[in-house]
Amino acid sequence: HEFDIIKFSEELVEEMQLITKDNQIVIYQHTGVENIVNLDQNLLRNCLMNLISNAIKYSGEDTLIEFCTEINKEYYQMTVKDNGIGIPEDDQAGLFQPFFRAHNIGNIPGTGLGLNIVLRYVNLMNGKIDFNSGPGNGTQFTLSFNRK
Ligand code: ATP
Ligand code: MG
Numbered sequence: 248h249e250f251d252i253i254k255f256s257e258e259l260v261e262e263m264q265l266i267t268k269d270n271q272i273v274i275y276q277h278t279g280v281e282n283i284v285n286l287d288q289n290l291l292r293n294c295l296m297n298l299i300s301n302a303i304k305y306s307g308e309d310t311l312i313e314f315c316t317e318i319n320k321e322y323y324q325m326t327v328k329d330n331g332i333g334i335p336e337d338d339q340a341g342l343f344q345p346f347f348r349a350h351n352i353g354n355i356p357g358t359g360l361g362l363n364i365v366l367r368y369v370n371l372m373n374g375k376i377d378f379n380s381g382p383g384n385g386t387q388f389t390l391s392f393n394r395k
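Sequential numbering of the sequence shown, starting at 248, is according to UniProt numbering.
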């Protein structure tokens, strides 16, 4: 399960760039230590594809999406940040529940399962997921993993 997370991130962003609505996905990588991590690459890819496709889906055309990978000795983390519609505070508590959808989505289609799956996968990887969001401020999701 060992792979280079910097190379993995670059390839993933390149792939996701193809399905944007003219959004630009900008990638930042901060590293100074070992880039090789020990994780289930397929689970991680699935999580990040869910987060990036949400960022695309819940943002306007031409808006910026930032993808950041940060690696240090104790942990590594990946952040997906958009400038989209945000998640109303009242809706945030239910976010990871199956079939949950916030009330500001208008007619954007979806099943409300993506984030529940992401949470399950993150738990399987012994990671942590955090978010920060507000209408008008966009949304940021962060996946963090301790180095063993
Ligand atoms: P799908 O199952 O196809 O992913 P979905 O996108 O509606 O459908 P989730 O990915 O689980 O389901 O997201 C749940 C809800 O959280 C969304 O319906 C939306 O209200 C909100 N949400 C998730 N990501 C974002 C985001 N980046 N910006 C704004 N709202 C979001
Ligand atoms: Mg989704």
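All residues carry an ideal CB built from backbone N, CA and C; glycine is no exception.
Computed from a predicted model, the values in this text were never measured in an experiment.
Would you list the one or two residues that DSSP bridges to His277?
-> Glu317
Test: Tyr275 CB closer than 9 Å to a CB of chain C | Absent here is chain C; the protein component of the structure consists of one chain.
Mind the definition here: the segment 262-271 touches the segment 374-387 only if three or more C-beta pairs lie below 8 Å; say whether that holds.
-> no
Fully enclosed by the segment 318-374, which alpha helix (DSSP H) runs are 4 residues long or longer?
-> 361-371
Environment of Val365 [buried if 16+ CB atoms lie within 10 Å] | buried
Is there at least one non-hydrogen atom of the ligand ATP closer than 8 Å to the beta-carbon of Phe250?
-> For Phe250, the shortest separation between its Cβ and any heavy atom of the ligand ATP does not lie below 8 Å.
Residues of its chain near Thr310, where Cβ-Cβ distance is below 8 Å and the 5 sequence neighbours each way are ignored = Asn270, Asp329, Asn330, Gly331
Evaluate Thr278 with the Cβ neighbour count: other Cβ atoms within 10 Å of its Cβ, from every protein chain shown; 16 or more gives buried, anything less gives exposed.
-> exposed
Going by beta carbon distance, what residues of the same chain come within less than 6 Å of Met325, once the five residues before and after it are set aside?
-> Thr316, Leu390
Roughly how many whole angstroms lie between the Cα atoms of Ile253 and Gly381?
-> 29 Å
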